[in-house]
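Comments concern the structure below.
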Amino acid sequence: MKARILLISTLTIVFCLLSTASIANDNSPKIAIIIDDIGYRKTDFSALALQGQFTYSVVPFAPYTRTIANAVHDSDREVMAHIPMEAIHNNHLLGKGALKLAMTEQQTRQQVQDILKEIPYVSGINNHMGSQFTTKPKNLGWLMDELSQQQLYFLDSKTTAYSMAEKVAVEHGLRTGHRHIFLDNQLDQAYLAQQFDHLIKIAKRHKYAIAIAHPHPQSISFLKGISAKLLALGVELVPVSTLLPEMTRIARVRHLNNKSSANKRYTGAAAVLPQ
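Add 371 to the 1-based position in the sequence shown for our numbering, that's all there is to it.
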C-alpha cells in the first residue's frame with residue numbers, strides 16, 4: 372500500500388510540474404466557478420444555459436442526476452460528483468449516498484463506487500456538507516485511496532476550518548485544492564456582486580481562485596452577466612481541473628513544511644529529556 376501511494380504521489384508531482392509549466396506561460400488570472408447541488412430539480416437545467424467553462428457538481432441519486440450529468444458533458448463542461456458527507460449538524464439533510472463515519476472501509480469504497488456508476492463522466496468530487504467527515508484522517512484515507520484508483524481529483528468545499536481533506540489527498544497523491552468563497556450565501560444582487568469582486572481580488576493576488584455557487588434563480592441571473600466583466604478585467608473562467616496542478620503543488624509544499632516543523636519540535640523536545 373505504501374509503495375503504491377508513493378508511486379502515485381511521484382506521478383502526481385510530475386503531472387503537476389508539467390501542467391504548471393504550461394499554465395505559467397499565460398499569466399492572466401484564472402477563476403473556476405462550481406455550480407453545486409444540481410440534479411434535484413428540473414429547473415437546475417437553467418444553470419447549463421450559462422456561457423463559459425463553469426464546472427457542475429452533480430448530487431447522486433437525485434431525480435435528474437444522470438440526465439444533467441450527460442447534458443453537462445455534451446456541452447463540453449466539467450462534471451463533478453457532489454458527495455454528501457457526515458456533518459456536525461443537520462445530517463437529516465444529507466440525502467442518499469452519504470459517507471458516514473460509522474461506515475467500514477469496504478462500505479466507504481462501495482458507496483463511492485456506486486456514486487460513480489450513477490454519475491457519468493466524473494472528473495473529480497467535492498464534499499456536500501461534511502464538516503465532521505472531512506476532519507477524520509482515517510475515513511478520508513479510505514475515500515482518497517478509492518479516488519486515486521479511479522484517477523479523480525478532490526476539491527475541498529471547506530465546510531469547516533478544521534478540514535484535513537487536502538492534507539490527506541496530498542498524502543494519497545491526488546490532485547487537490549479548495550474553494551475560496553461561496554458566492555451566494557445570500558441571494559441579493561449586491562451581496563453576489565460583493566462576493567464576485569472578492570473572488571476577482573483573490574485571483575489577481577494569487578493568479579487563481581475558486582468559488583462555489585448554486586442553481587438559485589438569483590445566482591444564475593447574476594452569473595449570466597459576468598462574461599463581459601471577466602473580459603474587461605482580463606480574468607479567464609476555466610474548469611476546476613485547470614487550477615489543481617498549482618494548488619496541489621502548494622498544498623504539497625505546505626504539507627511537507629508542516630511535517631518538517633513537527634519533526635523539529637519533536638527533536639527539540641527530545642533533546643531536553645533526561646538521559
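A virtual CB, placed ideally from N, CA and C, is assigned to each residue, including glycine.
Excluding sequence positions up to five before and after residue 402, its CB lies within less than 8 Å of the CB of 570, 571, 574, 579, 580, 581, 582, 601, 606, 607, 608 and 609, all in the same chain and listed in chain order. By alpha-carbon distance to residue 499, the top candidate from 625, 443 and 455 is 455.
If you draw a 10 Å sphere on the C-beta of residue 426, you find 16 or more other C-beta atoms in it, and that means buried.
For the 8 Å CB-CB criterion, residue 474 and residue 482 form a contact. DSSP places residue 451 inside the beta strand (DSSP E), whose first and last residues are 449–456. The beta carbon of residue 623 lies closer than 6 Å to those of 541 in the same chain, with the five residues before and after it left out.
Each residue's CA atom was taken as its position, placing residue 517 and residue 539 some 12 Å apart. Per DSSP, the beta-bridge partners of residue 547 are 525.
When the beta-carbon positions are compared, residue 519 and residue 544 come within less than 8 Å of each other. The alpha-carbon of residue 512 is positioned some 23 Å away from that of residue 614. Spanning the alpha carbons of residue 562 and residue 477 requires a straight line of approximately 43 Å. Looking at the backbone, the Cα of residue 405 and that of residue 457 are separated by about 21 Å.
When the alpha-carbon of residue 459 is set against those of 505, 510 and 441, the nearest one is in 505. With 16 or more other CB atoms across the displayed protein chains lying within 10 angstroms of its CB, residue 494 is buried. With respect to the C-alpha of residue 450, the residue from 565, 507, 409 and 467 having the closest C-alpha is 409. CA-to-CA, the gap between residue 436 and residue 418 works out to about 14 Å. Scanning its chain for C-beta atoms nearer than 6 Å, with the 5 sequence neighbours on each side dropped, one finds no residue around residue 629. The continuous beta strand (DSSP E) containing residue 428 extends over residues 426–429. For residue 504, the secondary structure class from DSSP, reduced to helix, strand or coil, is helix.
Distance check between residue 515 and each of 531, 530, 420 and 497 places 497 closest, using alpha-carbon atoms only. The alpha-carbon of residue 598 is positioned some 8 Å away from that of residue 423. Spanning the alpha carbons of residue 471 and residue 603 requires a straight line of approximately 45 Å.
Secondary structure of residue 606 (DSSP, three-state): coil. The beta carbon of residue 480 sits closer than 7 Å to those of 513 and 517, all from its chain and outside the five residues before and after it, given in chain order. Residue 584 is bridged by DSSP to 406.
The closest CA to that of residue 565, considering only 503, 590, 618 and 453, is found on 590. Note on residue 414: under 16 other CB atoms within 10 angstroms of its CB, so exposed under the neighbour-count rule. Among the bridge pairs identified by DSSP, residue 495 is matched with 451 and 524.
Rounded to whole angstroms, the separation of the alpha carbons of residue 533 and residue 462 is 18 Å.
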